[in-house]
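K.L.:
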Amino acid sequence: MTKLDCNVTSCLHNSDNCCCKSAIIVEGSQAKDTADTCCGSFDENKDGSFHNLFKTPESRLEVDCEAVNCIYNEGRHCSAEHIGIAGDGAREAGHTECATFRTR
Ligand code: SF4
Ligand code: SF4
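Just so we're aligned: 27 in full-length UniProt numbering is position 27 of the sequence shown, and the numbers increase by one with no gaps anywhere.
Written out as C-alpha cells, the structure reads:
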C-alpha cells in the first residue's frame, strides 16, 4: 500500500488532498518524465459542489501503474512508500501527473 497525496481538487474522488478510492491506476506506458504520466482514475467533479459526502479519504491505497520506466514500478505496481499526484485545476486525466515518477 502506498501513501498518496493528491492536489487534484477538481477530481470527484478528492477530499482534503487525499484520494477516496481504495485503488487507482497511473497511466504512461511510454513515460520519460512526470508530465507523461497521469492518473487514469481521474473523474471531473463537474458541478464543483459534490464533496465526497459519503466517502472517506484513504491515506494508503493500491496503485497500479503502467509507467514501467519508473524506478518504483515493480510488475506494473507502484512500490514507492509515498507518492504525490499533481494537477490542480485539472479538467481531464491528461492534466494530472505522478509527481514522484523517476526515470530508471
Ligand atoms: S486524481 Fe486520481 S489520485 Fe487524485 S483524487 Fe482523483 S482518482 Fe484519486
Ligand atoms: S512513483 Fe512511479 S511507479 Fe509509482 S505511481 Fe508514480 S510513476 Fe507509477
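C-beta atoms are modelled at their ideal positions from N, C-alpha and C, and glycine is treated no differently.
As the structure is a prediction and not an experimental result, all values here were calculated from the model.
Spatial neighbours of Glu27 within its chain, please: CB distance less than 6 Å, with the 5 preceding and 5 following residues excluded, ordered by chain position.
P.N.:
Excluding residues within five positions, the ones whose Cβ falls inside 6 Å are Cys38, Gly40, Glu66.
K.L.:
What does DSSP give as the partner residues of Glu97 in its beta bridges?
P.N.:
DSSP lists Ala86 as partners of Glu97.
K.L.:
Please confirm whether any heavy atom of ligand 2 lies closer than 7 Å to the CB of Cys19.
P.N.:
Result no, Cβ not under 7 Å from ligand 2.
K.L.:
Does DSSP put Asp47 in a helix, a strand or coil?
P.N.:
Three-state DSSP puts Asp47 in coil, outside helix and strand.
K.L.:
Please name the residue or residues paired with residue 109 in a DSSP beta bridge.
P.N.:
Missing from the structure shown is residue 109; the chain here goes from 1 to 104 and no further.
K.L.:
May I ask you to check if the CB of Ile25 is nearer than 7 Å to at least one heavy atom of ligand 2?
P.N.:
Not so, every heavy atom of ligand 2 lies at least 7 Å from the Cβ.
K.L.:
On the criterion of 16 or more Cβ atoms from any shown chain inside 10 Å, does Ala31 qualify as buried, or is it exposed?
P.N.:
It counts as buried.
K.L.:
Within 7 Å: the Cβ of Phe101 and any heavy atom of ligand 3?
P.N.:
For the structure depicted, ligand 3 is absent and the ligand set comprises only ligand 1 and ligand 2.
K.L.:
Can you list, in chain order, the residues of its chain whose CB lies under 7 Å from that of Glu97, leaving out five sequence neighbours each side?
P.N.:
The residues are Thr34, Ala35, Thr37, Cys38, Ala86, Gly87.
K.L.:
How big is the Cα-Cα spacing for Ser15 and Arg104?
P.N.:
Roughly 32 Å separates the two Cα atoms.
K.L.:
Can you give me the start and stop residues for the beta strand (DSSP E) that Val92 sits inside?
P.N.:
According to the sequence shown, residue 92 is Glu rather than Val. Where Glu92 is concerned, there is no enclosing beta strand (DSSP E), given that its DSSP letter is neither H nor E.
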